Every structure is written in structure tokens, then in C-alpha cells.
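**Q**
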Amino acid sequence: MTGSVVTLRMAGAFMFSSGTIWSRTEVMPRWLVWLTFLIALVLLVGGPSLRLLRLGFPIWVFVVSLFILRFSEQSVDNEDNAEEKDFE
399 MTGSVVTLRM
409 AGAFMFSSGT
419 IWSRTEVMPR
429 WLVWLTFLIA
439 LVLLVGGPSL
449 RLLRLGFPIW
459 VFVVSLFILR
469 FSEQSVDNED
479 NAEEKDFE
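Just so you know, the sequence shown maps onto residues 399 to 486 in the numbering used here.
(1) Quick one: what does DSSP say G444 is sitting in, helix, strand or coil?
(2) Quick one: what's got a C-beta closer than 8 Å to F435's C-beta in the same chain, skipping five residues either side?
(3) When you compare only the Cα positions, how much space is there between T423 and V440?
(4) Should L442 and R407 be called a contact, given that it needs their Cβ atoms to be closer than 8 Å?
(5) How many Å lie between S403 and L467 at the Cα?
(6) With a threshold of 7 Å on Cβ separation, who are the neighbours of A411 within its own chain once the five nearest residues in sequence on each side are excluded?
(7) Spatial neighbours of I489 within its chain, please: C-beta separation below 7 Å, excluding the five flanking residues on both sides.
(8) Using the Cβ count rule (16 or more neighbours within 10 Å means buried), how would you classify V425?
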């Protein structure tokens with residue numbers, strides 16, 4: 399096996415573990431968990447054969463990062479609104 403094949407399989411294994419944790423703790427929405435499992439399966443099975451599939455992991459990281467940033471902004475806004483109501 400070459401280095402890129404091992405790297406793709408490691409990325410797929412990481413994605414499976416992340417998806418499992420998210421599914422059991424319900425930290426992420428269900429659609430993102432299933433998308434994670436799907437991309438991980440594609441990386442593990444077909445990643446080495448097609449070069450375009452190698453972009454699966456970076457795209458997944460980008461989507462998860464955007465979701466986390468958006469969610470954290472909403473929670474900060476909610477905390478600010480709660481503090482304002484306490485002072486009124």
C-alpha cells in the first residue's frame with residue numbers, strides 16, 4: 399500500500415469514529431452523522447481508485463467546521479440575550 403492509500407483509510411477511520419461519537423451523544427444533527435458515515439465508507443472502499451474522491455475528507459472538514467462555527471455563534475447570541483434579560 400502506498401502512503402496516500404493509508405492516509406485515506408486513516409481519514410475514513412477517523413470519520414467513522416467521529417460519526418459514532420456524534421450519533422451516540424447527539425451533538426451533531428442526524429444528517430451530518432449519516433453524511434459522515436457515507437463519506438467515510440467511500441474513502442475506505444473507493445478512495446484510492448479515483449483521485450476526485452480524495453477531496454472527500456477536506457470537504458467534510460470544511461462542512462463540519464462551518465456547522466460548528468454557525469452553531470457556536472448562535473449559542474453566543476442566545477447567551478447574550480439571556481444576560482440582557484437578567485438585567486432588565
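Glycine is no exception: its CB is placed at the ideal position from the N, C-alpha and C atoms.
Treat the numbers as computed from the prediction; the structure is a model and nothing was measured.
**A** Once the coordinates are examined:
(1) By one-based count along the sequence shown, residue 444 stands at place 46. G444: coil per DSSP, three-state reduction.
(2) Locating residue 435 in the sequence shown gives position 37, where the first residue counts as 1. When the five nearest sequence neighbours on each side are left out, the beta carbons in the same chain lying within less than 8 Å of the beta carbon of F435 are those of M413, F414 and G417, in order along the chain.
(3) In the sequence shown, the residue the question calls residue 423 occupies position 25. In the sequence shown, the residue the question calls residue 440 occupies position 42. T423 and V440 have their C-alpha atoms some 24 Å from each other.
(4) Within the sequence shown, numbered from 1, the residue matching residue 442 stands at position 44. Within the sequence shown, numbered from 1, the residue matching residue 407 stands at position 9. A Cβ-Cβ contact shorter than 8 Å links L442 with R407.
(5) As a first step, residue 403 is located in the sequence shown; it is residue number 5 there, counting from the start. As a first step, residue 467 is located in the sequence shown; it is residue number 69 there, counting from the start. Note on residue identity: the sequence assigns Val, not Ser, to residue 403. Taking C-alpha positions only, V403 is separated from L467 by approximately 31 Å.
(6) The count along the sequence shown starts at 1 and reaches residue 411 at position 13. Counting only Cβ-Cβ distances below 7 Å, and skipping sequence neighbours, we find nothing.
(7) As displayed, the chain neither begins before 399 nor continues past 486, which places residue 489 out of reach and without an answer.
(8) For the purposes of this step, residue 425 is taken as the residue at position 27 of the sequence shown. Exposed is the call here.
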